Amino acid sequence: MTSYREAIIADLPAICRLGQVVNLLHHEALPHIFSPVSDPQRDIVYWRKGIENIGATTYVAETSGEIVGFVAVDVATEKHTQLQPVCFARIGSICVSESSRGQGIGRELMARAEHWAVSNGAVDIRLNVWSFNQSAFRLYEELGYEIRSMFLGKALTHDET
Ligand SMILES: CC(C)(COP(=O)(O)OP(=O)(O)OC[C@H]1O[C@@H](n2cnc3c(N)ncnc32)[C@H](O)[C@@H]1OP(=O)(O)O)[C@@H](O)C(=O)NCCC(=O)NCCS
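Quick note on numbering: the sequence shown equals residues -15 to 145 in this note's numbering.
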């Protein structure tokens, strides 16, 4: 059985390991954008903020005492004069270990993140997914997320002469 709770500092090594899984996936698809994986502890300062910062949290999924998934979420308010000053939530990262996928853990983590977002005043929730990542996109689509923006990019070549 899988249980869900907010992460504590002692979960950081497991979150770092899962964070590397997300990193590797993105590096393999877009090596010119995402760095290769290295020391699993490299990103510990970043993941720690998702536990300690005000207006942020991380949920973990635990099966038989092992962390098998996490989601990081925070809230923010738009400051631009042309945007409505709404409080919205951002999914920073989500990962379920490969052997635990397809059992509804990702869906449940997203539900926890959304519930936390509502409790923290958010009226909207947003996330970024790269276009190669169709399995993540399918999950978000099933959960009611819609494409609102398209983020374009192009590699530029530099003439050696
Ligand atoms: C995206 C990700 C978090 C989804 O996690 P997950 O636990 O596999 O998600 P779920 O099980 O809730 O749903 C995924 C699939 O399982 C299916 N599913 C859900 N509950 C199920 C159950 N009880 N039994 C069988 N299948 C189930 C869903 O319908 C969905 O199927 P589909 O993808 O074929 O449409 C996971 O694939 C992952 O960690 N990917 C790598 C990291 C990543 O890409 N992160 C997102 C970056 S934007």
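Yeah, the Cβ is synthetic: ideal placement off N, Cα and C, and Gly gets one too. On a predicted model such as this, the values are computed, not experimentally measured, just so you know.
Separation of residue j from residue i, as counted between CA atoms
| i | j | result |
| --- | --- | --- |
| Tyr129 | Phe18 | 25 Å |
| Val55 | Arg26 | 18 Å |
| Asn37 | Glu144 | 46 Å |
| Ala101 | Phe72 | 8 Å |
| Ile35 | Thr41 | 5 Å |
| Ser103 | Leu140 | 44 Å |
| His16 | Lys138 | 11 Å |
| Leu111 | Ser84 | 22 Å |
| Phe121 | Ile131 | 10 Å |
Proximity test, residue i beta-carbon vs ligand 1 heavy atom, cut-off 7 Å
| i | result |
| --- | --- |
| Glu126 | yes |
| Val5 | yes |
| Val80 | yes |
| Ala120 | yes |
| Gly34 | no |
| Leu14 | no |
| Leu8 | no |
| Val113 | yes |
| Ile89 | yes |
| Gly76 | no |
| Arg96 | no |
| Leu136 | no |
| Arg85 | yes |
| Leu123 | yes |
Check whether residue i and residue j have beta carbons under 8 Å apart
| i | j | result |
| --- | --- | --- |
| Ala106 | Val59 | yes |
| Ala45 | Ile(-1) | no |
| Glu92 | Tyr(-12) | yes |
| Val21 | Gln4 | yes |
| Asp108 | Ile51 | no |
- Task: Within the stretch 9 to 46, note down every full alpha helix (DSSP H) run reaching 4 residues or more, in order along the chain.
- Result: Unbroken alpha helix (DSSP H) runs of no fewer than 4 residues, entirely contained in the stretch 9 to 46, are found at 28 to 36, following chain order.
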